[in-house]
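Participant: Please find one structure pasted underneath; my questions will follow.
Residue numbers (the working numbering), protein chains in the order written: chain A, 631 to 807; chain B, 631 to 807.
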């Protein structure tokens, strides 16, 4: 039986932090960068009076539209899909207004992965797969299989998981010779 | 660790067949009943010229709104939730226009189950749980844990799974003394 890889969306294949910073800088005329969020989340590096606005962005139905796809993600996942069953697994239940945009984003960028292999969930401990590639340590912590921590500014100090820095590295790590 | 029960939605906790028949009879002034679908699906018991219409209903954003909840489902699941972690697992990816209605239906009828325990998927072999309660044999067939087939007209001739006829019976079967 083919092994299964579960792949997160935000900050694993798509640049949701980039969108967050783009909308924040636009609203408040600031110059926040990704580097400013090192070791934490954007909510914690903005002034307290901006926090409510920043927390509201992902609840906007367009927040997850047209996100940039990370370098080499499409090609690497396409290659991996020849050897593994690929599932996209996203904690969309945190942002129920995101369902449609997330679905359409996956259809657009990964047409070679069937939509029956999309999973919109919350608690990822419900996922039965051999590998989980995710930027969020809490999801890897409750996962039964092998987790790969996709490098992101917010997780840069996490040490409990095997870290991968790029989709080329994911491909090298999981490709079967 | 608490065991986990994954519970399907359509025809397991909510009467989607009832809605299907209601819309069909309304559009074509017919008298179709649930009994007429015994051993098969509604698509196969209507005249061929009606099939496209009948197949289109679940793609309407309102199809899954206000579905009737099955007898004793709320009380039984509430009782089970004291002893198990409950996840709702629905093959919503077959009908992507259904996401919002399904989410709101669960919030309304099962406010005691956290939304992070909702799973919208397609292929349910991705589910990691101890039990799956589902009316669709194909989902039980690929499930790793113990499956319970929730009785429905379409599955009445299936023999490969332990059948449960009501939510009272589910409760008796899974309740820990």
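Each residue gets a CB set at the ideal place from its N, CA and C atoms; glycine is no exception. Please read all numbers here as calculations on a predicted model, not as lab measurements.
#1: May I have the straight-line CA-CA distance separating residue 693/B from residue 687/B, to the nearest angstrom?
#2: For residue 709/A, report the span of its alpha helix (DSSP H) as first-last.
#3: Buried or exposed: which applies to residue 806/B, given that a residue is buried once 16 or more other Cβ atoms fall within 10 Å of its Cβ?
#4: Under the DSSP definition of a beta bridge, which residues are partnered with residue 692/A?
#5: Quick one: what's got a C-beta closer than 6 Å to residue 759/B's C-beta in the same chain, skipping five residues either side?
#6: From this set, 798/A, 671/A, 696/A and 769/A, which residue's C-alpha is nearest residue 704/A's C-alpha?
#7: In the DSSP assignment, find the unbroken alpha helix (DSSP H) run with residue 736/A in it and report its ends.
#8: What residue range does the beta strand (DSSP E) around residue 750/A cover?
#9: Are the Cβ atoms of residue 697/A and residue 751/A separated by less than 8 Å?
#10: Rounded to whole angstroms, what is the Cα-Cα separation between residue 650/B and residue 672/B?
#11: Under 8 Å, do residue 800/A and residue 706/A count as touching if we go by C-beta distance?
#12: Short check: CB of residue 748/A to CB of residue 736/A, under 8 Å?
#13: Around the Cβ of residue 777/A, are there at least 16 other Cβ atoms within 10 angstroms (buried) or fewer (exposed)?
#14: Thinking residue 642/B and residue 780/B are a contact (beta carbons under 8 Å), I'd like their distance in whole angstroms, please.
#15: Output, in chain order, the set of chain B residues within a Cβ distance shorter than 7 Å of residue 757/A.
#16: Is it right to say residue 787/A is buried, meaning 16 or more other beta carbons lie within 10 angstroms of its own, or is it exposed?
#17: Identify, in the order they occur along the chain, each residue of the same chain with its Cβ nearer than 6 Å to the Cβ of residue 655/A, setting aside the five sequence neighbours on each side.
#18: Kindly say whether residue 730/B, judged by its beta-carbon, lies nearer than 8 Å to any beta-carbon of chain A.
#19: In or out: residue 764/B buried (at least 16 other Cβ within 10 Å) or exposed?
#20: Label residue 685/B either buried or exposed according to how many other C-beta atoms from any shown protein chain fall within 10 Å of its C-beta, with 16 as the threshold for buried.
#21: For residue 743/A, collect the residues of the same chain with a Cβ closer than 6 Å to its Cβ; drop the 5 residues on either side in sequence, then sort them by chain order.
#22: Where do the N-terminal and C-terminal ends of the alpha helix (DSSP H) with residue 754/B fall, by residue?
#23: What's the C-alpha gap between residue 803/A and residue 701/B?
#24: So the candidates are 695/A, 640/A, 674/A and 714/A; which of them puts its Cα closest to the Cα of residue 824/A?
#25: Does chain A have any CB closer than 8 Å to the CB of residue 648/B?
#26: Considering only the beta carbon of each residue, do residue 754/A and residue 699/A sit closer than 8 Å?
#27: For the segment 712-742 of chain A, list every residue whose C-beta sits within 8 Å of some C-beta in chain B, in sequence order.
Facilitator: Quick answer:
#1: In a straight line, the C-alpha of residue 693/B is about 6 Å away from that of residue 687/B.
#2: Unbroken alpha helix (DSSP H) run through residue 709/A: 703-710.
#3: Exposed.
#4: As DSSP reads the structure, residue 692/A sits in no beta bridge.
#5: Excluding sequence neighbours, residue 759/B sits near 634, 636 and 775.
#6: The candidate whose alpha carbon is nearest that of residue 704/A is 798/A.
#7: Residue 736/A -> alpha helix (DSSP H) spans 729-739.
#8: Run containing residue 750/A: 748-750, per the beta strand (DSSP E) assignment.
#9: No, these two residues do not count as a Cβ contact at 8 Å.
#10: So the alpha carbons of these two residues sit roughly 8 Å apart.
#11: In contact: residue 800/A and residue 706/A (Cβ atoms closer than 8 Å).
#12: With respect to residue 736/A, residue 748/A sits close: the two C-beta atoms are nearer than 8 Å.
#13: Burial call: buried.
#14: Contact between residue 642/B and residue 780/B holds, since their C-beta atoms are separated by about 4 Å, short of 8 Å.
#15: For residue 757/A, the neighbours in chain B by C-beta distance under 7 Å run, in chain order, 756 and 758.
#16: Residue burial is scored here from C-beta neighbours: residue 787/A has fewer than 16 other C-beta atoms within 10 angstroms and is therefore classed as exposed.
#17: The residues 662, in chain order, have a CB closer than 6 Å to that of residue 655/A in the same chain once the five nearest residues on each side in sequence are set aside.
#18: For residue 730/B, the answer is yes, since a Cβ of chain A falls inside 8 Å of its Cβ.
#19: Looking at its Cβ environment, which holds 16 or more other Cβ atoms inside 10 Å, residue 764/B is buried.
#20: Residue 685/B is exposed by the Cβ-count criterion.
#21: Closer than 6 Å at the Cβ level, and outside the excluded window around residue 743/A, lie 716.
#22: It is not in any alpha helix (DSSP H) - residue 754/B carries neither H nor E in the DSSP assignment.
#23: Cα to Cα, the separation comes out at about 50 Å.
#24: Residue 824/A lies beyond the range of chain A shown here (631 to 807); nothing can be said about it.
#25: No, because no Cβ of chain A sits closer than 8 Å to the Cβ of residue 648/B.
#26: For residue 754/A and residue 699/A, no; Cβs fall outside 8 Å.
#27: Flagged, chain order: 717, 719, 721, 722, 723, 724, 726, 729, 730 and 733.
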